[in-house]
Amino acid sequence: MRLLVDCVPFDCGRTGTASYVRGLVAELRREGHELTLLCEPDADFPEAAGLPVLRTPAWTLRGGAASFAWHLCGVPRQVRRRRKDFDGMVLAMANRRVLARYPVATVAVVHDLADRRVAGKYSPSRMFNLRHVLPHFAKKAHRLVAVSAATAEDMRRFWGCGAGDVTVLHEGFPAPPDDFSPAPDAKNLFYISRIEHPGKNHVRLVEAYGKLPRALAEAHPLVLAGANWGGGEIVQAAIASCPNGDCIRHAGWVGSEELERLWTQTAAYVFPSLAEGFGISLVEAMARGIPCACSRGGALEELAAGAAELFEPTDVEDIARALQRLLCAPEAERAARGRKGIARAREFSWEAHARGIVRLLEGIR
125 MRLLVDCVPF DCGRTGTASY VRGLVAELRR EGHELTLLCE PDADFPEAAG LPVLRTPAWT
185 LRGGAASFAW HLCGVPRQVR RRRKDFDGMV LAMANRRVLA RYPVATVAVV HDLADRRVAG
245 KYSPSRMFNL RHVLPHFAKK AHRLVAVSAA TAEDMRRFWG CGAGDVTVLH EGFPAPPDDF
305 SPAPDAKNLF YISRIEHPGK NHVRLVEAYG KLPRALAEAH PLVLAGANWG GGEIVQAAIA
365 SCPNGDCIRH AGWVGSEELE RLWTQTAAYV FPSLAEGFGI SLVEAMARGI PCACSRGGAL
425 EELAAGAAEL FEPTDVEDIA RALQRLLCAP EAERAARGRK GIARAREFSW EAHARGIVRL
485 LEGIR
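FYI, the numbering for the sequence shown is 125 to 489, going by my numbering.
Structure follows, in structure tokens:
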């Protein structure tokens with residue numbers, strides 16, 4: 125099919141949704157579809173090499189409101205002028221950008237409704253758009269996709285979508301190298317996420333880590349990987365006041381090579397986020413056979429499906445107990461949990477996700 129893939133916002137490639145865009149584009153391309161990408165002026169990623177790209181105006185980089193407005197009103201005109209060039213359109217982040225009209229058959233992919241789950245996650249103006257403007261126009265798309273059953277349930281609850289209005293298509297994930305194996309001295313407790321407060325829940329994780337016995341923290345340093353985002357200074361302050369804070373390292377945003385090195389040094393993975401639509405890094409950890417702990421409820425528990433230790437993300441004591449169980453588990457238990465994770469991760473693929481989207485587009489008349 126001749127597809128226009130809306131890749132905005134790409135977030136300089138440093139968020140989970142940017143990883144989604146890269147994975148989706150790579151798979152659609154591998155499947156032989158003729159792609160045109162809609163991108164921001166500064167968006168650049170290897171999977172787009174050699175593809176025709178439509179760029180949003182430079183002024184849309186001034187802020188989210190400018191980009192949102194252009195998408196809502198400018199992109200429909202842009203697509204309408206070229207509608208004969210496309211068999212369909214994929215709106216890759218319909219929980220952040222939507223169109224007022226859809227001139228060609230469109231599948232709108234919704235990752236999460238975190239604005240409904242995390243109080244104060246965004247500014248008041250952005251929250252207004254996400255709650256009152258975006259849902260109205262997202263539901264005008266020809267087909268809606270949720271990347272998890274948890275997100276689909278939120279769309280029914282908060283957007284008023286009907287039971288048959290949303291198709292669940294789990295995302296894929298970056299598969300580990302065939303020769304992956306943890307280093308013999310792997311000991312880190314690892315968490316990959318942009319440093320964003322309160323949504324990604326770093327502060328409670330740090331507080332829980334501070335409750336671990338000193339010897340356990342020294343044996344298992346906590347490594348946080350991710351770019352500083354809103355509220356990063358609050359997270360850094362929590363680390364500074366943590367009793368085990370000297371065992372915590374913020375690696376910042378890391379490229380693929382450094383990330384792979386960090387995976388080899390990982391003994392356990394933790395994902396304490398308050399709200400996720402999918403949670404790619406949890407599946408990446410499971411695919412490597414790394415024992416995991418994650419938030420109870422929502423998409424993370426859905427993805428883990430019994431392969432991870434669960435905790436209440438708002439309960440620091442419960443997080444601490446889960447971390448201690450995870451890090452102190454006998455080797456046989458850790459190995460069994462790792463095997464469960466590998467088996468569960470095999471159920472997710474970019475191929476199934478991309479083909480599901482194409483089937484939906486083909487079914488639009």
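Virtual Cβ for every residue (Gly too), placed ideally from N, Cα, C.
Pairing A423 with T275 gives a Cβ-Cβ distance under 8 Å.
Boundaries of the alpha helix (DSSP H) around G422: G422 to A428. The Cβ neighbour count for K208, taken over all protein chains shown within 10 Å, is under 16; the residue is labelled exposed. By the criterion of a C-beta distance shorter than 6 Å, A341 is surrounded in its chain by N368 and C371, once the five residues flanking it on both sides are discounted.
Taking a contact to require three or more Cβ pairs closer than 8 Å, the region 300-313 and the region 211-218 do not qualify as touching. Judged by pairs of C-beta atoms under 8 Å, the region 318-338 does not touch the region 279-291, as fewer than three such pairs exist. DSSP places V290 in the uninterrupted beta strand (DSSP E) bounded by V290 to V292. Annotation: the continuous beta strand (DSSP E) that includes A375 extends over I372 to G376. Looking only at A362, P200, L148 and A467, the smallest Cα-Cα distance to V482 is reached by L148.
Distance from the Cα of V129 is smallest, within the candidate group L161, A150, R221 and H344, for L161. DSSP lists S419 as the bridge partner or partners of F435. In the structure shown, A332 adopts helical secondary structure according to DSSP, grouped into three states. N253 carries a helical assignment under DSSP once its states are collapsed to helix, strand and coil.
Where C452 is concerned, the enclosing alpha helix (DSSP H) starts and stops at V440 to C452. If you look at E384, you'll find it in the alpha helix (DSSP H) that goes S380 to T388.
For the pair E426 and S249, the CB atoms are not nearer than the 8 Å cut-off.
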